[in-house]
Amino acid sequence: PTPTTPSPTYNLVMSDEFTTPNRTFNDGHDPLWTSMDKSDDDMSSSGGGSLHFYNSTNVNTMNGYLNVSTTIGVTEWKGYDPYKEEHVDMKKTYKSGMVNSWNKFCFTGGIVEIDAIMPGSPTTGGLWPAMWILGNLGRATYEGSTNKIWPWSLGDCNRRLQHGQEISGCSKANHYGLKPNVGRGSTEIDIIEIMPGEQGWLPSTEPKVERPYAAMTLQIAPGIEGNRPNSGQRPVLVGNEGTNGHPPSDPQVWYSDLGFGGNTTLNPFFYGTYLGKTKPEEPTHRTEKEAYQADAVGAIHQLKEVHFSKVHTYRMEWRPGKGGRIDWYVKDTDEDARERPGGFPFKKEKSDEPVKNSGYNTPQKPSPTGWTHAFSISDSSLSITGAQIPAEPSYLIFNTAVSSTWGFPYDTPDTCVKCFDCNDPKCACALPKGFCESLKDGKTSMLIDSVRVYQEEGKENVGCDPVDMPTREFIKGHEYRYMRPLPFEDKHPLKDIVRGGGGGSENVK
26 PTPTTPSPTY
36 NLVMSDEFTT
46 PNRTFNDGHD
56 PLWTSMDKSD
66 DDMSSSGGGS
76 LHFYNSTNVN
86 TMNGYLNVST
96 TIGVTEWKGY
106 DPYKEEHVDM
116 KKTYKSGMVN
126 SWNKFCFTGG
136 IVEIDAIMPG
146 SPTTGGLWPA
156 MWILGNLGRA
166 TYEGSTNKIW
176 PWSLGDCNRR
186 LQHGQEISGC
196 SKANHYGLKP
206 NVGRGSTEID
216 IIEIMPGEQG
226 WLPSTEPKVE
236 RPYAAMTLQI
246 APGIEGNRPN
256 SGQRPVLVGN
266 EGTNGHPPSD
276 PQVWYSDLGF
286 GGNTTLNPFF
296 YGTYLGKTKP
306 EEPTHRTEKE
316 AYQADAVGAI
326 HQLKEVHFSK
336 VHTYRMEWRP
346 GKGGRIDWYV
356 KDTDEDARER
366 PGGFPFKKEK
376 SDEPVKNSGY
386 NTPQKPSPTG
396 WTHAFSISDS
406 SLSITGAQIP
416 AEPSYLIFNT
426 AVSSTWGFPY
436 DTPDTCVKCF
446 DCNDPKCACA
456 LPKGFCESLK
466 DGKTSMLIDS
476 VRVYQEEGKE
486 NVGCDPVDMP
496 TREFIKGHEY
506 RYMRPLPFED
516 KHPLKDIVRG
526 GGGGSENVK
């Protein structure tokens, strides 16, 4: 089933077609998936801008789709504020959905194909839909489980970096069933993250790309520590000797031999995250010696309005470990593809009236194979830091976030009140144009028609606790990291399954 390796036989090791209506994914309802009931918080000194509460009722199946909806709605609860060191009244004004297969279904290497329709309007910012995989040692949105674990992919010992990597290759006696002298982590591969918003060419993109686009990213540590590219600019790979009045400068350092295809460019807007020394009041703890750089090696690929109204296939091929690689593909539009039930709820752009200085309505030629090989990363590209292509057993995640750092206005008047509540008129200047209107009808949903995972015959590696890369005993020994804080009263990270559901598998070529 892969455009790059036509000869091997692949097995379909997991599929979910979501044909059974009214499935629910609350904790304990489904053997494959769990939908979240928690606030998506980033309790760091800088904050993550999350504005939503993940509600399990925002995830279900209908019309043959997995439906992940985003709505305006208040959630209030009493939670612990680590800065005030007391329980306070908390509130979020948006509800959305996240569903994942953490500690239920994991795989190491293979091909993921997802048929999906993106949520909302392509020209209205504010939503952050994503389809991604994360190593099982970290549980998405549970910061205690990812601190000094995410997104490490360094198996060998590095004495200088070992303090920032909790499970280090320098440890001769790793406990909890972990192998000695094998560094571990929770690596992240973003199959796609969607940025909708106002049209117009984006700076530093070559070829030119505008919103909406799909970001395709490997997030990995250790990262490049010195002479990093500046956010919003392409890497300057040639130094300046101080001519023409400019001070001398060294060339910037970034990953080489990355592959780009179709209307795809290096992502110049996000090069990674520095996980610095934490403040005493933060819920996670890192000393100055434990601080580390994580890199985002990524590309952005041009999408069109049709990706929000018809099913398209997104594909990620993953060959793990040393000598491996990751490839991202987007399938061309199929004229017979399923359309959004009830039709496209937003105003369509007129193809005969393109926006000035924009290529949004410029048709792209179909590729000869029906696929665009948008982006690729080989293991040799990562040699600059000593990291490797991820080899962690990883699980699937589908979610739509609402964040003030993603598609929201960043250049607002000084008189603008920085609040983000659609029901508060004084917040209007800080919200994306049309955003609140797009959510009020309750029809803004990411629709997933199917998800399928293939692995090469004879190299199948399915499970969250494989012999070579175990996770079960470590998670059991640190259960508190994988559970919600008060007022939730979780006895264990996951409840026992009380009723059935899920998908099937079969062998294919």
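Basically our numbering = 1-based index in the sequence shown + 25. Heads up, the beta-carbon is just placed ideally off N, CA and C, and yes, glycines get one too.
According to DSSP, is F400 part of a helix, a strand, or is it coil?
To locate residue 400, count along the sequence shown from 1; it is residue 375. Strand at F400.
Touch test, the segment 111–124 against the segment 186–194, Cβ-Cβ under 8 Å, three pairs minimum:
no
Inspect the CB distances between the segment 483–499 and the segment 406–420 and report whether three or more fall short of 8 Å.
yes
Is it right to say P518 is buried, meaning 16 or more other beta carbons lie within 10 angstroms of its own, or is it exposed?
Counted from its first residue, the sequence shown places residue 518 at position 493. Classification for P518: buried.
Could you pull out every residue in the same chain whose Cβ sits closer than 7 Å to the Cβ of D521, ignoring the five residues on either side in sequence?
Your numbering for residue 521 matches position 496 in the sequence shown. For D521, where only same-chain residues beyond five positions count, the Cβ hits under 7 Å are G53.
In terms of residue numbering, what span does the alpha helix (DSSP H) encompassing T171 cover?
If you number the sequence shown from 1, residue 171 lands on position 146. That run of the alpha helix (DSSP H) goes E168 to T171.
Residue from T338, G346 and I351 with nearest C-alpha to E360
Translated into positions along the sequence shown, residue 360 becomes position 335. Here the closest residue by C-alpha is T338.
Output the distance between the C-alpha atoms of V322 and H77, rounded to the nearest integer angstrom.
Taking the first residue of the sequence shown as position 1, residue 322 is located at position 297. Taking the first residue of the sequence shown as position 1, residue 77 is located at position 52. Answer to the nearest angstrom: the Cα atoms are 27 Å apart.
What does DSSP give as the partner residue(s) for Y299 in the beta ladder?
Taking the sequence shown and counting its residues from 1, the one referred to as residue 299 is at position 274. According to DSSP, Y299 bridges with Q318.
Are T148 and G222 touching if we call contact CB-CB under 8 Å?
Numbered from 1 along the sequence shown, position 123 holds the residue referred to as residue 148. Numbered from 1 along the sequence shown, position 197 holds the residue referred to as residue 222. Contact: yes.
DSSP on V331, reduced to helix/strand/coil?
Position 306 of the sequence shown, counting from 1, holds the residue named residue 331. Of the three classes helix, strand and coil, the one that applies to V331 here is helix, per DSSP.
Given a cut-off of 8 Å on the beta-carbon distance, is the pair V478 and V38 in contact?
In the sequence shown, the residue the question calls residue 478 occupies position 453. In the sequence shown, the residue the question calls residue 38 occupies position 13. The answer is yes: Cβ separation under 8 Å.
Hey, would you say A239 sits closer than 8 Å to I219, going by beta carbons?
The count along the sequence shown starts at 1 and reaches residue 239 at position 214. The count along the sequence shown starts at 1 and reaches residue 219 at position 194. In contact: A239 and I219 (Cβ atoms closer than 8 Å).
Rounded to a whole number of angstroms, what is the C-alpha to C-alpha distance between V533 and T298?
The residue given as residue 533 occupies position 508 in the sequence shown. The residue given as residue 298 occupies position 273 in the sequence shown. Residue confidence for V533 is low, a pLDDT of 31 falling below 50, so the modelled location carries little weight; the figure read from the coordinates is stated next. Each residue's Cα considered, the two are about 40 Å apart.
N- and C-terminal bounds of the alpha helix (DSSP H) containing K468:
As a position in the sequence shown, residue 468 is number 443, starting the count at 1. Unbroken run through K468: none, as it is neither H nor E.
Where the alpha helix (DSSP H) through K501 begins and ends
Along the sequence shown, read from residue 1 onward, the residue named residue 501 stands at position 476. Where K501 is concerned, the enclosing alpha helix (DSSP H) stretches over R497 to G502.
Which whole-angstrom value describes the C-beta separation of L57 and F132, a residue pair presumed to lie in contact below a C-beta threshold of 8 Å?
One-based indexing of the sequence shown puts residue 57 at position 32. One-based indexing of the sequence shown puts residue 132 at position 107. About 12 Å separates the two Cβ atoms, so there is no contact after all.
Give the DSSP bridge partners of G202, in chain order.
Counting from 1 along the sequence shown, the entry for residue 202 is found at position 177. Per DSSP, none; premise fails for G202.
If you run the structure through DSSP and keep just helix, strand and coil, what is N36?
Counting from 1 along the sequence shown, the entry for residue 36 is found at position 11. Strand.
Sort out for me which residues DSSP pairs M115 with in a bridge.
On the sequence shown, residue 115 is found 90 positions in, with the first residue counted as 1. Looking at the DSSP assignment, M115 forms a beta bridge with W102.
Please name the residue, chosen from T49, V263 and G459, that lies closest to L152 on a Cα-to-Cα basis.
Residue mapping note: residue 152 aligns to position 127 of the sequence shown, counting from 1. Cα-wise, what sits closest to L152 is G459.
How would you label N265, buried or exposed, when you count the other beta carbons within 10 angstroms and need 16 or more for buried?
On the sequence shown, residue 265 is found 240 positions in, with the first residue counted as 1. Under this definition N265 is an exposed residue.
Just mark G72 as buried or exposed, buried being the case when its beta carbon has 16 or more other beta carbons within 10 Å.
The residue you call residue 72 lines up with position 47 of the sequence shown. Low per-residue confidence applies at G72: pLDDT is 45, beneath 50, and the placement is therefore not dependable enough to give any value.
M220 - partner residues in DSSP beta bridges
In the sequence shown, counting from the first residue as 1, residue 220 sits at position 195. According to DSSP, which records beta bridges pairwise, M220 is partnered with Y238.
Can you give the Cα-Cα distance for W279 and G122, rounded to whole angstroms?
On the sequence shown, position 254 is the one that residue 279 refers to. On the sequence shown, position 97 is the one that residue 122 refers to. Taking the straight line from one Cα to the other gives about 35 Å.
Beta-carbon separation of L91 and I473 under 8 Å?
Here residue 91 is taken as the residue at index 66 of the sequence shown, counted from 1. Here residue 473 is taken as the residue at index 448 of the sequence shown, counted from 1. For L91 and I473, yes; Cβs fall inside 8 Å.
Secondary structure of L407, DSSP reduced to three states:
The residue given as residue 407 occupies position 382 in the sequence shown. L407: helix per DSSP, three-state reduction.
Of all the beta strand (DSSP E) runs that stay within the bounds of the segment 125–164, which reach a length of 3 or more residues?
135–142 and 152–160
Taking the alpha carbon of M61 as the point to measure from, which residue in N80, P438 and S75 has its own alpha carbon closest?
Looking up residue 61 in the sequence shown gives position 36. The option with the nearest alpha carbon to M61 is N80.
Helix, strand or coil: how does DSSP classify Y280 here?
On the sequence shown, position 255 is the one that residue 280 refers to. Of the three classes helix, strand and coil, the one that applies to Y280 here is coil, per DSSP.
Tell me the residue span of the beta strand (DSSP E) that contains L546.
Nothing can be reported for residue 546: it is not among the residues displayed for the chain, which extend from 26 to 534.
With 16 as the cutoff for other CB atoms within 10 Å, does K381 come out buried or exposed?
On the sequence shown, residue 381 is found 356 positions in, with the first residue counted as 1. For K381, the pLDDT reaches just 40, beneath the cut-off of 50, and the residue's location in the model is therefore unreliable, leaving the point undetermined.
What residue does the beta strand (DSSP E) around A455 start on, and which one ends it?
Here residue 455 refers to the residue found at position 430 of the sequence shown. Premise fails: A455 is in no beta strand (DSSP E) and is neither H nor E.
Taking P260 as the reference, give the member of G202, Y354 and Y296 with the closest Cα.
If you number the sequence shown from 1, residue 260 lands on position 235. For P260, the nearest C-alpha among the options comes from Y296.
Rounded separation between G384 and G287 - CA only:
On the sequence shown, residue 384 is found 359 positions in, with the first residue counted as 1. On the sequence shown, residue 287 is found 262 positions in, with the first residue counted as 1. Note that G384 has pLDDT 43, beneath the 50 cutoff, so the model's placement of it is unreliable and no number is given.
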